[in-house]
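Numbering (full-length UniProt numbering), first residue to last: 1 to 176. Cβ coordinates follow ideal geometry from the N, Cα and C atoms, glycine included. It should be emphasised that the depicted structure is a prediction, and the values quoted were computed from it without experimental measurement.
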Amino acid sequence: IDIGANTLLGMTPFVDNFTHLGGMLFGFLCGLSTMERLNTDFFGFEQDCKERVKQVMVRFLGVIISVLAIIVGVVVLFQGDGTTSPCPTCNYLSCVPFPPWTPETQKWWYCDDCGNISADAKLNPDTRMFDQLDLNCPGGDIVNVLLGDEATTDKFWLEANLPTYCRLHCNDIMGH
Numbered sequence: 001i002d003i004g005a006n007t008l009l010g011m012t013p014f015v016d017n018f019t020h021l022g023g024m025l026f027g028f029l030c031g032l033s034t035m036e037r038l039n040t041d042f043f044g045f046e047q048d049c050k051e052r053v054k055q056v057m058v059r060f061l062g063v064i065i066s067v068l069a070i071i072v073g074v075v076v077l078f079q080g081d082g083t084t085s086p087c088p089t090c091n092y093l094s095c096v097p098f099p100p101w102t103p104e105t106q107k108w109w110y111c112d113d114c115g116n117i118s119a120d121a122k123l124n125p126d127t128r129m130f131d132q133l134d135l136n137c138p139g140g141d142i143v144n145v146l147l148g149d150e151a152t153t154d155k156f157w158l159e160a161n162l163p164t165y166c167r168l169h170c171n172d173i174m175g176h
């Protein structure tokens with residue numbers, strides 16, 4: 001129950017689910033390799049040579065896999081530049097837009113970088129309305145958005161809807 005609760009908690013924003021999943025994996029492997037199995041005499045069964053070899057091999061593999069996983073994790077961490085992710089699609093292990101059954105514009109939270117974007121609004125001199133945006137997308141691209149029927153004179157409405165335009169028009173919304 002605890003593992004499931006922590007995994008669900010890790011799906012919310014600003015909680016690192018990699019910590020929960022990594023801790024579970026390393027805890028399992030370290031426990032597998034360091035815990036002493038109960039003596040089979042305790043249950044009235046005798047342990048033959050094959051069972052002893054199997055037990056030693058499982059413990060040995062647990063240690064080896066733990067050490068290799070730590071080495072691989074350290075190498076991956078130090079090879080990164082600190083701003084890009086070595087696994088861009090792994091962000092869904094740490095955060096899931098919720099609730100998944102609602103339309104994209106009605107989520108309770110999002111796991112992208114569209115909340116921090118900016119844009120340059122272009123004012124049409126004939127209509128005196130903002131009818132075009134140059135979105136500064138999280139990935140560094142600039143996307144031109146024609147507002148069409150959504151042209152407005154309200155800067156605050158445009159600013160409030162920038163994240164929606166970002167999610168609709170930007171290719172890289174995670175900023176990687």
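Delimiting residues of the alpha helix (DSSP H) encompassing residue i
i	result
S120	With the sequence shown as reference, residue 120 is identified as Asp, and Ser is not the correct amino acid for it. Taken as a continuous stretch (DSSP letters only), D120 belongs to no alpha helix (DSSP H), being part of the beta strand (DSSP E) at S118 to N124.
M57	C49 to Q79
D2	D2 to G10
N171	Unbroken run through N171: none, as it is neither H nor E.
M24	N17 to T34
Same chain only: Cβ atoms within 6 Å of residue i, ignoring 5 sequence neighbours per side
i	result
R59	S33
E36	none
I1	none
Neighbourhood of residue i by C-beta, 8 Å cutoff - its chain only, sequence neighbours within 5 removed
i	result
L129	Checking the sequence, you will find Met at residue 129 rather than Leu. Contacts found: L123, A151, T152 and T153.
L158	A119, A121, F130, L133 and T152
G115	P163
Expected contact under 8 Å - CB spacing of residue i and residue j to nearest Å
i	j	result
Y110	P97	5 Å
C95	P13	5 Å
C170	P138	7 Å
D134	I142	6 Å
F18	S66	No, F18 and S66 are not in contact; Cβ-Cβ is about 17 Å, not under 8 Å.
Distance, residue j Cα to residue i Cα
i	j	result
G22	F156	43 Å
R167	I173	7 Å
Q106	L9	21 Å
G148	D112	26 Å
Y165	E104	11 Å
T7	V74	23 Å
T127	G140	31 Å
A5	W108	19 Å
C69	D48	At residue 69 the sequence reads Ala, which differs from the Cys that was named. Taking the straight line joining both Cα atoms gives about 32 Å.
A160	I71	45 Å
N136	L146	14 Å
D16	C87	15 Å
I117	G82	20 Å
Close beta carbons around residue i, own chain, < 7 Å, minus the five adjacent residues each side
i	result
M24	I3
Segment limits, beta strand (DSSP E) that includes residue i
i	result
Q132	M129 to N136
L146	I142 to L146
Closer than 8 Å to chain C by CB, residue i
i	result
D81	The structure shown contains no chain C; it is built from a single protein chain.
Distance cut-off 7 Å: residue i Cβ against heavy atoms of the ligand ADP
i	result
V15	Ligands displayed in this structure: none; no statement on the ligand ADP is therefore possible.
Cβ contact check for the segment 51-67 and the segment 24-33: 3 or more pairs under 8 Å: yes
Validate contact between the segment 48-58 and the segment 70-83 using beta carbons, cut 8 Å, 3 pairs: no
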